[in-house]
Amino acid sequence: MLCIQAERTFTNLPPPFFDISQLKSSFASKGLNVKDLVVLSGGHTIGTSHCSSFSGRLYNFTGKGDMDPSLDSEYAVNLKKKCKPSDVNTLVEMDPGSFKTFDEEYYTLVAKRRGLFNSDAALLDDKETRDYVKLQATTQGYTFFKDFGVSMVKMGNIGVLRGGW
Ligand code: HEM
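For the sequence shown, position 88 (counting from the first letter as 1) is numbered 88 according to full-length UniProt numbering, and the numbering increases by one without interruption.
Here it is, written out as structure tokens:
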């Protein structure tokens, strides 16, 4: 479904364990700003993820068999039921309940510490990204669809002249 350029862009995104400064640097190196980061992360309103992309947060966050303290504990219990420690096959909905619907629900989840990846949770660690998450998580948000269109066009232009993400 995706064109070749879009596929290249997606395959070269940062890894899910990046923290906020790594994410900001990675986006900046492609000419994308902090707003683009928080807006485009909203793409996680749709789709699924393999357990292996986030199970480190559940079972071995600091290498001592512990859990990521920034993850909502009730949500973590549900994720642990779906994803056993070495499971690399199971798919989990990234925006549970509306993973086929493009909406602002992703931000409500992140605000409730239910973002699936470290990179999602990290959006609460920077004032600009946190403010955006909180704005979209409230009924006053309303700008997400428009913002997403603007940032997608910017991301779509990456590499057309400079060789890809
Ligand atoms: C901010 C940096 C990003 C990181 C670290 C990241 C990471 C990931 C990871 C780890 C997965 C799951 C892969 C798997 O285990 O199957 C995923 C899925 C996905 N991501 Fe991202 N992503 C990022 C940005 C984006 C952007 C910019 C978009 C689009 C605007 C996007 C859209 C998606 C979608 C739609 C899926 C689901 C794919 C499917 O259902 O097969 N992500 N992302």
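C-beta atoms are modelled at their ideal positions from N, C-alpha and C, and glycine is treated no differently.
C-alpha gap between residue i and residue j, whole angstroms
| i | j | result |
| --- | --- | --- |
| G159 | D95 | 29 Å |
| R8 | Q22 | The predicted model places R8 with a pLDDT of 47, which falls under 50 and marks its position as unreliable; any figure quoted below should be read in that light. R8 and Q22: Cα-Cα distance of roughly 20 Å. |
| E105 | T45 | 7 Å |
| G156 | N12 | 13 Å |
| K35 | S86 | 35 Å |
| C83 | F145 | 32 Å |
| G43 | F102 | 8 Å |
| Y107 | T129 | 11 Å |
| I4 | T139 | Caution applies to I4, whose pLDDT of 42 falls short of 50 and renders its modelled position unreliable; the value that the coordinates give is listed next. In a straight line, the C-alpha of I4 is about 36 Å away from that of T139. |
| R113 | K80 | 16 Å |
| T62 | C51 | 18 Å |
| P14 | A28 | 12 Å |
| K154 | K24 | 15 Å |
| D126 | G97 | 27 Å |
| L71 | L135 | 20 Å |
| S119 | A111 | 13 Å |
| G47 | G141 | 22 Å |
| F148 | N60 | 33 Å |
| T143 | T90 | 33 Å |
| D131 | A137 | 10 Å |
| A6 | K64 | The predicted model places A6 with a pLDDT of 43, which falls under 50 and marks its position as unreliable; any figure quoted below should be read in that light. If I take the Cα positions, the gap works out to 38 Å. |
Residue i CB to nearest heavy atom of ligand 2 below 8 Å
| i | result |
| --- | --- |
| G149 | This structure does not include ligand 2; its bound ligands are ligand 1. |
Sub-9 Å separation of residue i and residue j beta-carbons
| i | j | result |
| --- | --- | --- |
| F117 | S53 | yes |
| I20 | L123 | yes |
| F18 | S26 | yes |
| L40 | M152 | yes |
| V133 | V38 | yes |
| D68 | A121 | yes |
| V92 | S49 | yes |
| request: Can you check the UniProt domain "Plant heme peroxidase family profile" (11 to 165) for any alpha helix (DSSP H) of at least 4 residues that lies completely inside it and give the ranges in chain order? | output: For the UniProt domain "Plant heme peroxidase family profile" (11 to 165), the continuous alpha helix (DSSP H) assignments of 4+ residues that do not extend past its boundaries occur at 20 to 28, 34 to 40, 55 to 59, 73 to 82, 105 to 111, 118 to 121, 127 to 137 and 144 to 156, in sequence order.
| Is there contact here, the region 71 to 78 with the region 27 to 42, by at least three beta-carbon pairs under 8 Å? | The region 71 to 78 makes no contact with the region 27 to 42, as fewer than three CB pairs between them are under 8 Å.
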